[in-house]
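Line by line, the protein sequences are chains X and H. Residues in the first sequence are numbered from 5 upward in steps of one, following the numbering used here. Residues in the second sequence are numbered from 1363 upward in steps of one, following the numbering used here. Presented below is the structure to which this report refers.
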Amino acid sequence: DAGVTQSPTHLIKTRGQQVTLRCSPKSGHDTVSWYQQALGQGPQFIFQYYEEEERQRGNFPDRFSGHQFPNYSSELNVNALLLGDSALYLCASSGDRRNEQFFGPGTRLTVL
Amino acid sequence: AQSVAQPEDQVNVAEGNPLTVKCTYSVSGNPYLFWYVQYPNRGLQFLLKYITGDNLVKGSYGFEAEFNKSQTSFHLKKPSALVSDSALYFCAVRDRDTGFQKLVFGTGTRLLVSP
Chain X
5 DAGVTQSPTH
15 LIKTRGQQVT
25 LRCSPKSGHD
35 TVSWYQQALG
45 QGPQFIFQYY
55 EEEERQRGNF
65 PDRFSGHQFP
75 NYSSELNVNA
85 LLLGDSALYL
95 CASSGDRRNE
105 QFFGPGTRLT
115 VL
Chain H
1363 AQSVAQPEDQ
1373 VNVAEGNPLT
1383 VKCTYSVSGN
1393 PYLFWYVQYP
1403 NRGLQFLLKY
1413 ITGDNLVKGS
1423 YGFEAEFNKS
1433 QTSFHLKKPS
1443 ALVSDSALYF
1453 CAVRDRDTGF
1463 QKLVFGTGTR
1473 LLVSP
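As C-alpha cells, this is what we get:
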C-alpha cells in the first residue's frame, strides 16, 4: 500500500503566478482534505472533498480552489500567489468518518 | 468553534525518563481527539486517537494518552523516553457530532530527549 502521495515535493513560484498541487489518497479512502502549514505553526484546514464535491471549507480566500477526480485523487490550485502563501501543503485522506486521517509528505511551496 | 491549546512550545526530558506533552481542547459537541508526530521535512504521522470508550488509549511506539472530559484534556505520555522520540507533536480535535472531518490542530510542542 503506497499510502498518501503528493507531487511535486518542492515548488518555487513568484508572486502573481498560479500553482497546482496534486494528491493521491491511500487505497480505499474516498475523502481528501488539504491543509496549509506555515513555518512554526500547526496545519490549518483549507477544504475537504468527498464524491468530487467540496464538502467543507476553512477560512481561506477564493484564490484557493480544488478538485477531486472520480478515482478520488485531488488537486489544490492557488491563484495570484502571495508571499504569505509560502508553506508546506499537506494532503490527508480518510475513509470511515470515525477514523484518523492519513497524511502525505507534503509539498513545500516557496513564493518569491 | 473548535480549538486546541498546547501550552508548551518545548518539552525537555532525559532518555529513560517519563514524558508528558499537554493538550487541552474546546469543541461544542463531543470530541474525536488525535495525536500526530512530525519529523523534520516530513508530513504528519498518526500516533493515537480517542473516539469513545476507555479513557486511556494506547498508540504507536509506546505512546499513550488519557482523555479527561471534565478537564477537557488529552495529554500524551510515554513511560520511558527515547532519543528517537525527539520531534514535533501535534494534538488535534474533531467534532464527533457533525458529519465533517475537519481537524483543528494545536500549534505543536517540540519534544527534545537528551541522551
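Idealized CB from N, CA, C, for every residue including glycine.
Can you check which of these residues, X/Gly-62, X/Val-115, X/Gln-60, X/Pro-109, is closest to X/Cys-95 by C-alpha distance?
Within the first sequence, the letter at position 91 stands for residue 95 of chain X. The shortest C-alpha separation from X/Cys-95 is found at X/Pro-109.
Keeping to the same chain, check which residues put their C-beta closer than 6 Å to that of X/Thr-7; ignore five residues upstream and five downstream.
Looking up residue 7 of chain X in the first sequence gives position 3. The question names Thr, yet the displayed sequence has Gly at residue 7 of chain X. Excluding sequence neighbours, X/Gly-7 sits near Lys-30.
Any C-beta of chain H under 9 Å from that of X/Gly-110:
To locate residue 110 of chain X, count along the first sequence from 1; it is residue 106. By this cut-off, X/Gly-110 is an interface position.
How about X/Pro-47: is its C-beta nearer than 9 Å to some C-beta of chain H?
Counted from its first residue, the first sequence places residue 47 of chain X at position 43. Chain H contact via Cβ: present.
Would you kindly report the start and end of the unbroken beta strand (DSSP E) that includes X/Thr-13?
Mapped onto the first sequence, residue 13 of chain X falls at position 9. Per DSSP, X/Thr-13 belongs to no beta strand (DSSP E) and is neither H nor E.
Flag this pair as yes or no: are the beta carbons of X/Leu-116 and X/Leu-80 separated by less than 9 Å?
Here residue 116 of chain X corresponds to residue number 112 of the first sequence, with the count starting at 1. Here residue 80 of chain X corresponds to residue number 76 of the first sequence, with the count starting at 1. For the 9 Å CB-CB criterion, X/Leu-116 and X/Leu-80 do not form a contact.
Determine whether the beta carbon atoms of H/Pro-1402 and H/Val-1445 lie at a separation below 9 Å.
For the purposes of this step, residue 1402 of chain H is taken as the residue at position 40 of the second sequence. For the purposes of this step, residue 1445 of chain H is taken as the residue at position 83 of the second sequence. It is not a contact, given that the beta carbons lie outside the stated cut-off.
Proximity winner among H/Phe-1452, H/Ala-1443, H/Tyr-1412, H/Asn-1392, relative to H/Asn-1374 (alpha-carbon distances):
Here residue 1374 of chain H refers to the residue found at position 12 when the second sequence is read from its first residue. Answer by Cα proximity: H/Ala-1443.
Since H/Leu-1409 and H/Lys-1420 should fall inside the 8 Å C-beta cutoff, what is the C-beta to C-beta distance between them, to a whole number of angstroms?
Counting from one through the second sequence, the residue named residue 1409 of chain H turns up at place 47. Counting from one through the second sequence, the residue named residue 1420 of chain H turns up at place 58. Their Cβ separation, rounded to whole angstroms, is 10 Å, which puts H/Leu-1409 and H/Lys-1420 out of contact at 8 Å.
Given this structure, state the Cα-to-Cα distance separating X/Ser-28 from X/Phe-107, to the nearest angstrom.
Taking the first sequence and counting its residues from 1, the one referred to as residue 28 of chain X is at position 24. Taking the first sequence and counting its residues from 1, the one referred to as residue 107 of chain X is at position 103. Roughly 11 Å separates the two Cα atoms.
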